[in-house]
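Protein chains in written order, with full-length UniProt numbering: chain V, 1 to 263; chain C, 1 to 265.
Positions of the beta carbon are idealized from the N, C-alpha and C atoms, including for glycine.
Notes follow the structure.
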Amino acid sequence: MKSSVRNVYLFPYILWIALCVVAPIALIVYDSFFDIEGHWTLENYEKFFTPIYLKMALSSFWYAFLITIFSLIIAYPTAYLLTKTKHKQLWLLMIILPTWVNLLLKVYAFLGIFGMFGLANAILETVGIGTKQILFTDFSFVFVSVYIFIPFMVLPIFNALEEMNPSLVDAARDLGASGWTTFRRVVFPLTLDGVKAGCQAVFIPALSLFMITRLIAGNRVITLGTAIEEHFLVTQDWGMGATIAVFLIMIMALVVIVTGNRR
Amino acid sequence: MRRMKWGNVYLIFVFIILYTPIFYLLFYSFNSGGTMHHFKGFTLEWYREVFHDTRLLLIVLNTLIVALFSSLISTVFGVIGALAIYYVKSWRVKQALLTLNNVLIVSPDVIIGASFLILFTLAGIQLGFVSVLLSHIAFSVPIVVLMVLPKLQEMSPTWVDAARDLGANEWHILTRVVLPFITPGIFAGFFMALTYSLDDFAVTFFVTGNGFSTLSVEIYSRARQGISLSINALSTLLFLLTVVLVAGYYWISRKGSRLYGMWKK
Numbered sequence: 001m002k003s004s005v006r007n008v009y010l011f012p013y014i015l016w017i018a019l020c021v022v023a024p025i026a027l028i029v030y031d032s033f034f035d036i037e038g039h040w041t042l043e044n045y046e047k048f049f050t051p052i053y054l055k056m057a058l059s060s061f062w063y064a065f066l067i068t069i070f071s072l073i074i075a076y077p078t079a080y081l082l083t084k085t086k087h088k089q090l091w092l093l094m095i096i097l098p099t100w101v102n103l104l105l106k107v108y109a110f111l112g113i114f115g116m117f118g119l120a121n122a123i124l125e126t127v128g129i130g131t132k133q134i135l136f137t138d139f140s141f142v143f144v145s146v147y148i149f150i151p152f153m154v155l156p157i158f159n160a161l162e163e164m165n166p167s168l169v170d171a172a173r174d175l176g177a178s179g180w181t182t183f184r185r186v187v188f189p190l191t192l193d194g195v196k197a198g199c200q201a202v203f204i205p206a207l208s209l210f211m212i213t214r215l216i217a218g219n220r221v222i223t224l225g226t227a228i229e230e231h232f233l234v235t236q237d238w239g240m241g242a243t244i245a246v247f248l249i250m251i252m253a254l255v256v257i258v259t260g261n262r263r
Numbered sequence: 001m002r003r004m005k006w007g008n009v010y011l012i013f014v015f016i017i018l019y020t021p022i023f024y025l026l027f028y029s030f031n032s033g034g035t036m037h038h039f040k041g042f043t044l045e046w047y048r049e050v051f052h053d054t055r056l057l058l059i060v061l062n063t064l065i066v067a068l069f070s071s072l073i074s075t076v077f078g079v080i081g082a083l084a085i086y087y088v089k090s091w092r093v094k095q096a097l098l099t100l101n102n103v104l105i106v107s108p109d110v111i112i113g114a115s116f117l118i119l120f121t122l123a124g125i126q127l128g129f130v131s132v133l134l135s136h137i138a139f140s141v142p143i144v145v146l147m148v149l150p151k152l153q154e155m156s157p158t159w160v161d162a163a164r165d166l167g168a169n170e171w172h173i174l175t176r177v178v179l180p181f182i183t184p185g186i187f188a189g190f191f192m193a194l195t196y197s198l199d200d201f202a203v204t205f206f207v208t209g210n211g212f213s214t215l216s217v218e219i220y221s222r223a224r225q226g227i228s229l230s231i232n233a234l235s236t237l238l239f240l241l242t243v244v245l246v247a248g249y250y251w252i253s254r255k256g257s258r259l260y261g262m263w264k265k
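As structure tokens, this is what we get:
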């Protein structure tokens, strides 16, 4: 009797899993075996292993890596300093608030800031470097992406720092460790889970950004996400798009396994 | 002491970087010059344009309707899902369900969008309002599950046993014991789903047809054509709305905790 009541919950949930999780992924894999005319083929996979696609995958990987590293470098001290402030919850809220502004609007703002006569060039002009083409470069792509992802990196690190027992730091100091040693041997290892969670939250989306590449990088940077969007919505070659998606899913699974914390 | 000072400088710098683009948008929404550089003069022309743009207002309405419906429906499904996972006894099955639950959270939006596009086309669902709504429900359900599940695990099982001993049936246990206890989690899940839906671009972009558009998709297509200060005006309005919502949420949650504290006394 009791178990039948419980199955009432299980049934709709399993249905959701089947329809919204399993079926879409199965369909992606299935579609990757068809060419643009709808014939069964392995051609898409052969195409993926040609230099054009491999180079694209590699550069996508490289950009995602850069974005993750820069986000981490900026976010870790931020999270650390936040835990030392007086009204830390309020300041944390201030860090999160920009994520509630629509992502497209923030990207759009950079069209103005990085534009030929925008704020960035005005600053460069006053410093004496002179006007530069910033928009539509690799730099602008990485900068805007890092900007977008900083809060997602700060949050898990902040939580990890908050969970850490402060007496461990005191103990390390009492035992004669310098500030840097304490950080390297005590604080950082203890917050590694937060760092991993943050990297996971940044790296995977960074592989698949396509609106930023379109708007800010002027199609100069092509990520796996851009390629998938292109194949699905522009050239309508769903098979090839699905093939790239299959590889993206595999990379994603790999990242989750590597950064996943087993407990 | 000196160290702390440098720390503050760093924090202030990060905050400046985080808020510059937002205030840049707000500032130039009042520029009569029509560009995002060289402030010519103060004008409210762009705001007038936003309020006269019926197409844009309709899109805002669409976005809100999709967000509200999808978060309401996904909250129901999410609570059911959390209960399902909670009641499963086998550890292995529980882990498997949780893993499948998280797939849509870690998946890149492009993958979700592309796979749903295939699914809807195959199922014969026309792209438009229905496909956008269904996909928003689909990616919101796991978020709600993750917000509700910890609350369920916090709940002491003895409450349920006590209720059963006192003669409550399953329905009473659910509505009188379990649901009231997990209400904060349900609300958190609902708001999270709402935020995700309002903010989503990539998934919607894939499954929206020609006739239907949400705000993110509209901003994208307008931004691709270049700078138009009516987008700035719109973003100012949205930002103000966000601040009001956040302040309201903060106020309610503080007031709520104070009320809760009083009740506990």
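Residues that residue i bridges to, as DSSP identifies them
i: Phe34 (chain V); result: V:Trp40
i: Asn31 (chain C); result: C:Phe42
Buried versus exposed, by CB contacts within 10 Å (16 or more), residue i
i: Tyr196 (chain C); result: buried
i: Phe90 (chain V); result: Reading off the sequence, residue 90 (chain V) comes out as Leu, not Phe. Leu90 (chain V) should be labelled exposed.
i: Ser32 (chain C); result: exposed
i: Leu10 (chain V); result: buried
i: Glu229 (chain V); result: buried
i: Ile65 (chain C); result: exposed
i: Arg262 (chain V); result: Note on Arg262 (chain V): pLDDT 48, under 50, position unreliable in the model; the coordinate value appears next. By the neighbour-count rule (16 or more Cβ atoms within 10 Å), Arg262 (chain V) is not buried but exposed.
i: Thr99 (chain C); result: exposed
i: Lys264 (chain C); result: Only weak support is given to the placement of Lys264 (chain C): the predicted model assigns it a pLDDT of 41, under 50, and the value that follows is read from those uncertain coordinates. Exposed, by the Cβ-count rule.
i: Met250 (chain V); result: exposed
i: Asp31 (chain V); result: buried
i: Thr235 (chain V); result: exposed
i: Glu37 (chain V); result: exposed
i: Met262 (chain C); result: Note that Met262 (chain C) has pLDDT 48, beneath the 50 cutoff, so the model's placement of it is unreliable and no number is given.
i: Gln200 (chain V); result: buried
i: Val14 (chain C); result: buried
i: Ala123 (chain C); result: exposed
i: Lys106 (chain V); result: buried
i: His231 (chain V); result: buried
Partner residues on chain C for residue i, Cβ-Cβ distance less than 8 Å
i: Ser208 (chain V); result: Pro108, Asp109, Val110, Ile111, Ala202
i: Thr78 (chain V); result: Tyr10, Leu11, Val14
i: Leu10 (chain V); result: Ala84, Tyr87, Val88
i: Tyr13 (chain V); result: Phe77, Ile80, Gly81, Ala84, Ile85, Leu97
i: Met164 (chain V); result: Correct list: empty, because the minimum Cβ distance to chain C is about 18 Å.
i: Val256 (chain V); result: Val106
Neighbouring residues, chain V, relative to residue i (Cβ below 8 Å)
i: His38 (chain C); result: Phe117
i: Ile219 (chain C); result: Asn102, Leu104, Leu105, Tyr108
i: Thr195 (chain C); result: Trp100
i: Thr242 (chain C); result: Leu97, Trp100, Val101
i: Ala223 (chain C); result: Leu104, Val107, Tyr108, Leu111, Leu215
i: Leu215 (chain C); result: Asn102
Contacts that residue i makes with chain V (C-beta to C-beta distance below 9 Å)
i: Leu238 (chain C); result: Val101, Asn102, Leu105
i: Ala247 (chain C); result: Within chain V, no residue comes near Ala247 (chain C); the closest Cβ sits about 10 Å away, beyond 9 Å.
i: Phe206 (chain C); result: Glu229, Phe232, Leu233
Neighbour list for residue i in chain C, Cβ cutoff strictly below 7 Å
i: Trp62 (chain V); result: Simply none; closest approach about 17 Å.
Proximal residues of chain V, C-beta to C-beta of residue i below 7 Å
i: Leu117 (chain C); result: Phe232
i: Asp199 (chain C); result: Asn102, Leu103
i: Gly231 (chain C); result: In the sequence under discussion, the amino acid at residue 231 (chain C) is Ile, which differs from the Gly named in the question. In chain order: Tyr108.
Neighbouring residues, chain C, relative to residue i (Cβ below 9 Å)
i: Trp176 (chain V); result: The sequence given here places Gly at residue 176 (chain V); Trp does not occur at that position. Simply none; closest approach about 19 Å.
i: Gly128 (chain V); result: What Gly128 (chain V) touches in chain C: nothing, since even the nearest Cβ is about 20 Å away.
Quick one, which residues of the region 228-251 of chain V are near chain C if we go by CB-CB under 9 Å, in chain order? Ile228, Glu229, His231, Phe232, Leu233, Trp238, Gly241, Ala242, Ala245, Leu248, Ile249
Closer than 9 Å, Cβ to any Cβ of chain V: which residues of the region 101-115 of chain C, in chain order? Asn101, Asn102, Val103, Leu104, Val106, Ser107, Pro108, Asp109, Val110, Ile111, Ile112, Gly113, Ala114, Ser115
Does the contact criterion of 3 or more C-beta pairs under 8 Å hold for the region 154-163 of chain V versus the region 75-83 of chain V? yes
Quick check: the region 102-119 of chain C against the region 50-67 of chain C, are there 3 or more CB pairs under 8 Å? no
Give a yes or no on contact between the region 132-150 of chain V and the region 173-192 of chain V, applying the rule of three or more CB pairs nearer than 8 Å. no
So if I threshold CB-CB distances at 8 Å, which residues from the region 14-45 of chain C count as touching chain V? Val14, Phe15, Ile17, Leu18, Tyr19, Thr20, Pro21, Ile22, Tyr24, Leu25, Tyr28, Thr35, Met36, His37, His38
Contacting positions in the region 67-89 of chain C - beta carbon closer than 8 Å to chain V: Phe77, Ile80, Gly81, Leu83, Ala84, Ile85, Tyr87, Val88
When you compare the region 181-194 of chain C with the region 135-148 of chain C, are there three or more beta-carbon pairs, one atom per stretch, that lie closer than 8 Å? yes
Residues of the region 148-170 of chain C in Cβ contact with chain V at a cutoff of 9 Å, in chain order, please. Glu170
Are the region 18-30 of chain C and the region 104-117 of chain V touching, with three or more C-beta to C-beta distances below 8 Å? yes
At least three beta-carbon pairs within less than 8 Å, the region 203-210 of chain V to the region 118-125 of chain V: no
Is it true that the region 157-175 of chain C meets the region 240-248 of chain C, where meeting means three or more beta-carbon pairs spaced less than 8 Å apart? no
If the cut-off is 8 Å on Cβ atoms, which residues from the region 178-207 of chain V count as contacting chain C, listed in chain order? Gln200, Ile204, Pro205, Leu207
Can we say the region 231-247 of chain V touches the region 97-110 of chain V, given the rule of at least three CB pairs closer than 8 Å? no
If you measure beta-carbon to beta-carbon, which residues of the region 22-49 of chain V are closer than 7 Å to chain C? Ala23, Pro24, Ile25, Leu27, Ile28, Asp31
For the region 182-189 of chain V against the region 212-223 of chain V, are there 3 or more C-beta pairs whose distance is under 8 Å? no
Closer than 9 Å between beta carbons: that is the criterion. Which residues of the region 127-150 of chain C meet it against chain V? Leu134, Ser135, Ile137, Ala138, Phe139, Val141, Pro142, Val145
Could you tell me whether the region 36-53 of chain C touches the region 209-226 of chain C, using the rule of 3 or more Cβ pairs below 8 Å? no
Inspect the CB distances between the region 14-23 of chain V and the region 128-142 of chain C and report whether three or more fall short of 8 Å. yes
Does the structure place the region 226-239 of chain C close enough to the region 215-227 of chain V that three or more beta carbon pairs sit under 8 Å? no
Inter-stretch contact (C-beta, 8 Å, three-pair minimum) for the region 177-185 of chain C and the region 112-122 of chain C: no
Beta carbons nearer than 8 Å to chain C: which residues of the region 146-163 of chain V have them? Tyr147, Ile150, Pro151
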